[in-house]
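What follows is a short report on a single structure.
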Amino acid sequence: MLLTIDVGNSNLVAVVYDWQRNRVFDERIVTQKQNVVAYYEDWLIRLLTKLSHLQAIEGVIFSSVVPSITQEIIAIIKEKTGLDPMIVTTDLVEEFVIHLEQRDHLGADFIATSYGAMADYSVPAIVADLGSATKISVLNANGEFEGGVIVPGVGISVEALVGFIRHLPEIELKVPDRVIGNNTITAMQSGLLYGVIASVEGLADRIEKELGQPITRLLTGGYAKIVRDYMPRFVYDEFLLNNGLFEIYQKKRGHL
Numbered sequence: 000m001l002l003t004i005d006v007g008n009s010n011l012v013a014v015v016y017d018w019q020r021n022r023v024f025d026e027r028i029v030t031q032k033q034n035v036v037a038y039y040e041d042w043l044i045r046l047l048t049k050l051s052h053l054q055a056i057e058g059v060i061f062s063s064v065v066p067s068i069t070q071e072i073i074a075i076i077k078e079k080t081g082l083d084p085m086i087v088t089t090d091l092v093e094e095f096v097i098h099l100e101q102r103d104h105l106g107a108d109f110i111a112t113s114y115g116a117m118a119d120y121s122v123p124a125i126v127a128d129l130g131s132a133t134k135i136s137v138l139n140a141n142g143e144f145e146g147g148v149i150v151p152g153v154g155i156s157v158e159a160l161v162g163f164i165r166h167l168p169e170i171e172l173k174v175p176d177r178v179i180g181n182n183t184i185t186a187m188q189s190g191l192l193y194g195v196i197a198s199v200e201g202l203a204d205r206i207e208k209e210l211g212q213p214i215t216r217l218l219t220g221g222y223a224k225i226v227r228d229y230m231p232r233f234v235y236d237e238f239l240l241n242n243g244l245f246e247i248y249q250k251k252r253g254h255l
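Residue 233 in numbering that gives the first Met the number 0 sits at position 234 of the sequence shown, with consecutive numbering throughout.
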């Protein structure tokens, strides 16, 4: 089996696949940036215990957008699994055409979601990854990374509102019935969630116009579950990034 691990700013997502890409286990935990060794050692020991009834883990692929804790987690993975994880970088995917001024600036999350999109969907496509930041990847008709958009995400926006305007209350992240809020809480919920919906939909329309042809619209990331039902033109794929990690591992190991 293959263990795929993605470390984002808000969450770490681990998915275990068999070699037919059937998902046999998945888990999401909060990304901890303090007490790193103790936290992730404990998590990985518990994870391996949960998987002990399954076939052995034969490979690990790892992506991270949190450089401050990446090397410590990699060391823990090596120690606890006895395996050398494949690390996702632009150097690893030299065959992937990236139309950026500096190719090596493309993050591992953009790479993995792109591979997940190309494996299961038609291009041209955009991937809206709703995490701490809202990140939109654009894949052209040739399956090349055309570029993207990064804007503050739901989590960052909540922290900014509450942090800078101290009298605002903490709110539950749910989409209200109406866009027009009739109290502070529903007004904040509307602004945050209908705001991200309108932003992503509007950017997708503009991207489609720039490309000059219809696009496949994909939605993933930790906050996507909250708004998915309000974005019918988007296909929601919870495990798009980890599916992409699986695809990268297979290509690099010569299984395909």
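Glycine included, C-beta positions come from ideal geometry on N, C-alpha and C.
- In this structure, Leu91 sits away from Met117, with a CB-CB distance that is not shorter than 8 Å.
- In the three-state reduction of the DSSP assignment, Lys173 falls in the coil class, being assigned neither a helical nor a strand state.
- Distance from the Cα of Thr69 is smallest, within the candidate group Asp41, Val36, Trp42 and Lys49, for Val36.
- For Ile179, there is no enclosing alpha helix (DSSP H), as DSSP marks it with neither H nor E.
- For Asp25, the uninterrupted beta strand (DSSP E) run begins and ends at Arg22 to Val29, by DSSP.
- In the three-state reduction of the DSSP assignment, Leu11 falls in the strand class, which pools E and B.
- Excluding five sequence positions before and after Lys32, the CB atoms of its chain that fall closer than 8 Å to its own CB belong to Val65, Ser67 and Ile68, given in chain order.
- According to DSSP, residue pairing for Ser136 in a beta bridge involves Val126 and Gly147.
- Runs of the beta strand (DSSP E) lying entirely within the stretch 185-226 and spanning at least 3 residues, in chain order: 215-219.
- Assignment of Met230 by DSSP, reduced to helix, strand and coil, places it in the coil class.
- The Cβ atoms of Ser189 and Phe144 lie no closer than 8 Å to each other.
- Counting only runs that start and end inside the stretch 50-132, the beta strand (DSSP E) elements of at least 3 residues fall at 58-63 and 124-129.
- Taking one beta carbon from each stretch, the stretch 173-184 and the stretch 82-91 have fewer than 3 pairs nearer than 8 Å; the two do not touch.
- Bounds of the beta strand (DSSP E) holding Leu2 are Leu1 to Val6.
- The stretch 116-134 and the stretch 231-243 touch, with three or more beta-carbon pairs separated by less than 8 Å.
- Here the C-alpha atom of Ser198 lies approximately 10 Å from the C-alpha atom of Asp204.
- For the 8 Å CB-CB criterion, Val153 and Tyr229 do not form a contact.
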